[in-house]
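Note sheet for the following structure.
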Amino acid sequence: MIEKEIIIIDEDGNELKMEIEFTYTDEATGKEYVFYYDPTNEDELFVAGYDEEGNLYEIETDEELDKMEKVLDQYYDQLEDEE
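With our numbering as the guide, the letters of the sequence shown map in order to residues -1 to 81.
Structural data, given as structure tokens:
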């Protein structure tokens, strides 16, 4: 299970605390994803897959990335509808 914050290690080995926007489970594949952002730059949202222990992994295919972009669009549409 993913908490509300995660730590990412950047290319220089620095630990960066990120905030989680939302998580998503793909019902077709059972894969789980987390959408997160750097609280110092809330304009950029990242996505990664994660496993049962909460370890993050990169999106593997363009098809998978396209699907996550659609999930993000649906998430934003839902937020707009709630306003």
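Quick reminder that beta carbons are idealized off the backbone N, C-alpha and C, glycines included.
query                                                                                                      : result
Closest by CA to residue 43, which one among 50, 51, 52, 31?                                               : 31
Does DSSP classify residue -1 as helix, strand or coil?                                                    : Because the pLDDT of residue -1 is 47, which lies under 50, any placement of that residue in the model is unreliable, and the question is left without a value.
Residue 67 to residue 47, Cα distance in whole Å?                                                          : 13 angstroms
What number of angstroms, rounded off, separates the C-alpha of residue 13 from the C-alpha of residue 36? : 12 angstroms
According to the Cβ coordinates, are residue 17 and residue 33 closer than 8 angstroms?                    : no
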